[in-house]
Amino acid sequence: CPITSITNAQNWNYWADKQMYKALEAKDDVTYDDRKKFLKKRAFEIVADQTGKIFDPNVLTIVWARRFAGYKRADMLTYDMERFEKMLSNTKHPVQIIWAGKPYPVDYPAISQFNNLVHLSKNYKNVAVVVGYELALSKRLKQASDVWLNNPRVPREASGTSGMTAAMNGAVNFSTDDGWIPEFINHGNNGFVVPKADYANMSTHDQDEYDLNKAYEILEQQIIPMYYDNYDTWRQIMKNGMMDVRFQFDSNRMAHEYYDIMYK
């Protein structure tokens, strides 16, 4: 029989922040910005409760939150500690980072990776690792995120649905070009993507080095400056992501396709 594909999706009615969508449709940027800031403040109460750290809703917030698996490279930004610390210590363009997620119970490398990030976070006032990653926390972190970071090793990511739900809450996706991303991101228009290289002929180390350097280039030269120096453009990217994910990656579309293509 022929092989076909049906792209994954998420339940917009459950995940999306309806007030942000209403403000978007009304072209009310003041309400749109106020709502995003409120969502960040509310989520940062969880950060404060768990870690004692006070995060600022006016600061660009990067979130990496999903299950911990080796190919997803939760700690990729820490592969270059010099650039990592330079980014975190920049007072003109400050950054906050939140990690969350769960390793499998017997995945000892992932458990070690998680624990290492917990220990690392204790050295920085603007880095936090939060625990208890279930639906409620997942939703709050997506609402709090300015940049939803996703950096799996290409081509190992099957989908990556967390980015869909993040976009439904005004988070801007920044990802390697894998999973659902090739069907969604238009770089600089509705998100940001690390350009693909000749990964098939690269060692794992070379792939990690390439992705790391490209990710920092995009963060340092595009994402962070735009957020602070050209917020109108940043806001439009947020809106574009929200609009582009609204129907194409809603589970209603997916269910209809399963019926029409697979089952009918």
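In the working numbering, the protein residues as written are 134 to 397. From the three backbone atoms N, C-alpha and C, an ideal C-beta is built for every residue, glycine too.
Three or more beta-carbon pairs separated by less than 8 Å are not found between the segment 248-267 and the segment 277-286, which leaves the two stretches without contact. Just so you know, the alpha carbons of Y361 and H226 end up roughly 7 Å apart. Judged by DSSP in its simplified three-state form, F177 adopts helix. Out of V239, K372, T309, A348, the CA that lies nearest to the CA of Y165 is found in K372. Annotation for T366: the continuous alpha helix (DSSP H) segment containing it runs 364-379. With a cutoff of 8 Å on beta-carbon distance, V196 and M301 are scored as not near each other. In the same chain as A348, and ignoring 5 residues on each side of it, the C-beta atoms closer than 6 Å to its own belong to V327, in chain order.
In the three-state DSSP reduction, S308 falls in the strand class (E or B). If you look at L193, you'll find it in the beta strand (DSSP E) that goes 193-198. In chain order, V180, K258, A261 place their CB closer than 7 Å to the CB of K186, counting only its own chain and leaving out the 5 sequence neighbours on each side. In chain order, F217, L253 place their CB closer than 7 Å to the CB of T211, counting only its own chain and leaving out the 5 sequence neighbours on each side.
Inter-residue distance for I231 and V263 is about 7 Å (C-alpha atoms, whole angstroms).
With contact defined as three or more Cβ pairs closer than 8 Å, the segment 237-245 and the segment 265-277 are not in contact.
With a cutoff of 8 Å on beta-carbon distance, A142 and M375 are scored as not near each other.
Just measuring C-alpha positions, the residue of M153, N306, I314, I136 sitting nearest S292 is I314.
The three-state secondary structure of I187, taken from DSSP, is coil. Taking the Cα positions, I394 is about 15 Å away from S384. In the DSSP assignment, the residues bridged to I230 are I195, V260.
One thing to note: K169 has its Cβ within 8 Å of the Cβ of M153. Sequence-distant Cβ neighbours of D162 in its own chain, meaning closer than 7 Å and more than five residues away, are R368. Here D310 is buried: its Cβ has 16 or more other Cβ atoms, across all protein chains shown, within 10 Å. The Cβ neighbour count for T184, taken over all protein chains shown within 10 Å, is at least 16; the residue is labelled buried. If you look at G296, you'll find it in the alpha helix (DSSP H) that goes 295-300.
The straight-line gap separating the alpha-carbon atoms of A233 and I244 is approximately 12 Å. Distance from V305 to I351 at the Cβ level is roughly 11 Å; contact not present, criterion being Cβ atoms closer than 8 Å.
Contact between R273 and R175 holds, since their C-beta atoms are separated by about 7 Å, short of 8 Å.
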